[in-house]
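Single-structure report; data block below.
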Amino acid sequence: MDEEEWKTGGGTTTPVTLEFRNIAYSVVNRPQHCPFSSGESSTILSGVSGAFYPGTLTAIMGPSGAGKTSLLDILAGYRQSNVTGQVLINGIQRSESVPLRHLQSYILQEDHLLPHITVAEAMTAAAALKLGRTLSSHQRAVKVNNILDKLGLQSCCSTMCGRISGGQRKRLSIALELLNNPPVMFFDEPTSGLDSSSCLSCIRLLRSLARQGHTVICTVHQPSSRIFSQFDQLYVLAEGGCIYRGARHQLIDYLTSVGLRCPDYHNPADFVIEVASGEFGSWTDTLKQATLNGKSSRYIRPKCINSDLTSPDVCVPSETASSSLVKLNSSCPATSSHSILMEPIENGGSPEPPRGQNMTALLTKPVLLAENGGVLSDLGPDSSPQLDDNSLLPGLSLKSDFATSSWFQFNVLLARTMRTILRHKMVTSLRLITYVVFGMLMGAVYYDIGNRAERIYNNSAHLFFDLMFIVFSSLMPTILTFPLEMSVFTNEHRNGWYSVKAYYLAKTVADLPFQMILPLVYNIIVYSLTGQPFEWVRFCQFSIVMALAALIAQSIGLLIGASCSIQAAVFLGPVAMMPAILFCGFFVDHNQLPIWLGWMSRLSFTRYGFEALVLSVLGHGRSPLECSQPYCHYRRPQKFIQELSLSESSYWLDVGVLVLIAVLLRCIGYLVLRWKVSRER
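Take the sequence shown: its letters are residues 0 to 680, numbered as in numbering that gives the first Met the number 0.
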């Protein structure tokens, strides 16, 4: 795609300069055999500094383990534990208490898309969530079509996201984040898994985005020469430190100046990675000193320009100037012909932004950098004003985490989730077939025993197995599918699409019809084939208990799926159900349990479910059962209820406890989901 062809159709973007000072990050490595030991601290980043500018495409390069992704996560605000240093937005220090999701988007190495919705449906839902009521549905549709057209996705707009190619998936991931036109865009290994042609197309797309005034930052491992030539600026890491920061075309001059000569016809990207990996000896410390660990701006050679896309003066490196997008500003301060978005530096210092100055004033003021070897300063924690609710970016509100209300998000997510469930025909159809087949199998095994006194124990066993089938048939699909959705949720949530509560509520409500209808199909088959009393009240009571058991099992599945990996969840799910089954009252009378185990019986939801099922079928003054033998001890159902120690039990009390457990588990699942999201920081 040509740079001149690219237009977002979404208006201009607010220019944002992202600066970071003395960023240090470490992790604690705990031995696997002793997870509670203190462990040893490992330094990932060691006090790196730098800045990324609007209108430029910057590559963060380095060998594996150099800290590329860690730096990207820290700059995006997604990693905060064990991090020191400052991140500044247009000279104002970022505050952790103020949401900045509207300023940025983060596109991960892997494309997290829902496979059972089409490209157009994914874009439409994203537009509703990211743009909300600021645009009408028609305006949102126009913007969606424009972006799809410019990114070459119109041909696959009716194709399911799970069936498009790798290059199309990457472009779709970018298109989804372009809807709200974020000023800063982070890309983690955007070319990973793509062929050479798709890689080049992807990087050219990022370059085109940069030409529109976006600050585009991406990590790359070892780009080819064609891809390397597309970048404007480089930030090279090695062993947690910065060994080069500057223009791409000055990399060779920089390396030559310190005594490293790149061989002729050798890819400079390969050469600098080889140097960073130590193939030419230990040059890392020397190069860190040469760049002052990223503070030096000697090799940034920009021109002060005025962008057609923005009203304020925006200064970007000269190579990034595109004749169709930017023009030289004749009124640019004459301090230097090589000026960029920073103040003049004297005595190795760096400017201190005025304390009372808001973000608008900073954006409309060109900031200059000394021409010869300027450095970013090492300021104290109070040297820059904090970005708070009173420091607003033009056109961006920092008052709310998200662009739309929770209710609006819930409605959009509910429709999308329902569509996803209905489209997932294999799982939905398989579940329906399973309920029908097992219902008929259970009916065949326990055929017509519901009114026979001599088989009343078999009838109670049938009720127990009904409960177990509903529990496991609701538990396992949730455990298997929810962890797969977590990656999509995490990516969309941290990019500011919607809140945790809106997603969780939509997920809960969307599943309700399936948790009601599928067990009802099973109930009708089993209840009729096993000869239970044909009374509407009893059947409704039976169905209520089965539905509550399904909801509780699904809640447990959500709880386990949200807190564990899919491998751990598959093991933990059935294991977690064992105590509930053991203490349900079918195998052991809960009145005969030792005192120190009795509390476990009271916490078992299967106990209340089994009690309620028995009472719904045999309780409420049921008439004597049929007896084909001379004597049937349990001809009167009340006697069997007494035998199970259920004579003092109440059906509606059991139902109330089940409702309470279901609500409590849903609330715990929500809290675990919030904890899981916050823990990633």
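C-beta atoms are modelled at their ideal positions from N, C-alpha and C, and glycine is treated no differently.
Buried versus exposed, by CB contacts within 10 Å (16 or more), residue i
i, result
"Val662", "exposed"
"Tyr446", "exposed"
"Leu613", "According to the sequence as given, residue 613 is Val; it is not Leu. Buried, since its Cβ has 16 or more Cβ neighbours within 10 Å."
"Glu238", "buried"
"Cys314", "Reliability fails at Cys314, whose pLDDT of 43 lies under 50, so the model's placement of it is uncertain and the value that follows must be treated cautiously. Buried is the call here."
"Trp496", "buried"
"Met577", "exposed"
"Gln79", "exposed"
"His461", "buried"
"Gln167", "buried"
"Ile594", "exposed"
"Asn681", "There is simply no residue 681 to check, as the chain begins at 0 and stops at 680 in what is shown."
"Thr285", "exposed"
"Ile555", "buried"
"Ala505", "buried"
"Cys33", "With a pLDDT of 49 at Cys33, under the threshold of 50, the predicted position of this residue should be treated as unreliable, and no value is reported."
"Cys666", "exposed"
"Met425", "exposed"
"Pro629", "exposed"
"Gln553", "buried"
Contacting residues, own chain, Cβ-Cβ under 7 Å from residue i (five flanking each side not counted)
i, result
"Pro623", "Arg634 and Arg635"
"Gly530", "Asp447, Ile448, Gly449 and Asn450"
"Val15", "Pro53, Ile88, Asn89, Leu102, Pro182, Val183 and Thr214"
"Tyr650", "Gln540, Ala611, Leu614, Ser615 and Gly618"
"Lys129", "Leu178, Asn179, Ala402 and Trp496"
"Ala44", "One point to set straight first is that residue 44 is Leu, not Ala, in the sequence displayed. Cβ neighbours of Leu44 beyond the five flanking positions: Ile22, Ala23, Tyr24, Gly66, Ser69, Leu70 and Gly239."
"Pro114", "Met159, Cys160 and Gly161"
Cβ separation of residue i and residue j, assumed to be a contact under 8 Å, to the nearest whole Å
i, j, result
"Ile559", "Ala579", "At roughly 13 Å, the Cβ-Cβ gap does not stay under 8 Å, so Ile559 and Ala579 are not in contact."
"Gln232", "Thr55", "5 Å"
"Ala289", "Val257", "5 Å"
"Gly165", "Leu193", "6 Å"
"Gly700", "Ile478", "Residue 700 lies beyond the residue range present for the chain, which begins at 0 and ends at 680; the question has no answer from this structure."
"Lys169", "Asp110", "6 Å"
"Ile22", "Gly46", "7 Å"
"Met683", "Phe463", "Here the chain comprises residues numbered 0 to 680, so residue 683 is not present and cannot be evaluated."
"Leu205", "Leu112", "Actually they are not in contact, since the Cβ atoms of Leu205 and Leu112 sit about 19 Å apart, beyond 8 Å."
"Ile565", "Val435", "Actually they do not touch by this definition, with Cβ atoms about 27 Å apart."
"Lys287", "Ile242", "6 Å"
"Ala549", "Ile660", "Going by Cβ atoms, the distance from Ala549 to Ile660 rounds to 13 Å, so no, they are not a contact pair."
"Gly293", "Ser48", "4 Å"
"Ala275", "Val235", "6 Å"
Residues near residue i by beta carbon distance below 8 Å, same chain, minus five either side
i, result
"Ser498", "Asp400, Phe401, Ser405, Gln408 and His492"
"Arg430", "Ser472, Pro476, Phe513 and Leu517"
"Pro532", "Gly449, Asn450, Val616 and Arg621"
"Ile116", "Ala124, Met159, Cys160, Arg415, Arg418, Thr419 and Arg422"
6 Å CB neighbourhood of residue i in its chain, flanking five on each side removed
i, result
"Glu18", "Ala50 and Leu87"
"Met184", "Ser104, His213 and Val215"
"Asn522", "Ser542 and Met545"
"Cys156", "Val118, Ala119 and Leu147"
"Gly438", "Tyr521, Ile524 and Val525"
Backbone secondary structure at residue i - three-state DSSP
i, result
"Tyr24", "strand"
"Asp388", "Its pLDDT being 45, under 50, Asp388 is placed unreliably by the model, and the measurement read from it follows with that caveat. Three-state DSSP puts Asp388 in coil, outside helix and strand."
"Gln108", "coil"
"Gly49", "strand"
"Asp187", "strand"
"Gly394", "The predicted position of Gly394 is uncertain, since its pLDDT is 47 and thus under 50; a value taken from the coordinates is nonetheless stated next. DSSP places Gly394 in coil when its eight states are reduced to three."
"Ser40", "strand"
"Gln591", "helix"
"Leu178", "coil"
"Cys563", "coil"
"Tyr234", "strand"
"Gly584", "coil"
"Ala121", "helix"
"Tyr669", "helix"
"Gln92", "strand"
"Ser196", "helix"
"Val257", "coil"
"Arg247", "helix"
"Gln103", "strand"
"Thr283", "helix"
"Phe401", "coil"
**OP:** Could you tell me whether the region 217 to 225 touches the region 141 to 157, using the rule of 3 or more Cβ pairs below 8 Å?
**Re:** no
Original post:
Counting Cβ pairs closer than 8 Å, one from the region 118 to 128 and one from the region 172 to 181, do we hit at least three?
Top reply: With the cut-off at 8 Å, the region 118 to 128 and the region 172 to 181 touch.
**OP:** Specify whether the region 20 to 30 and the region 267 to 284 touch according to this definition: at least 3 beta carbon pairs, one from each stretch, less than 8 Å apart.
**Re:** no
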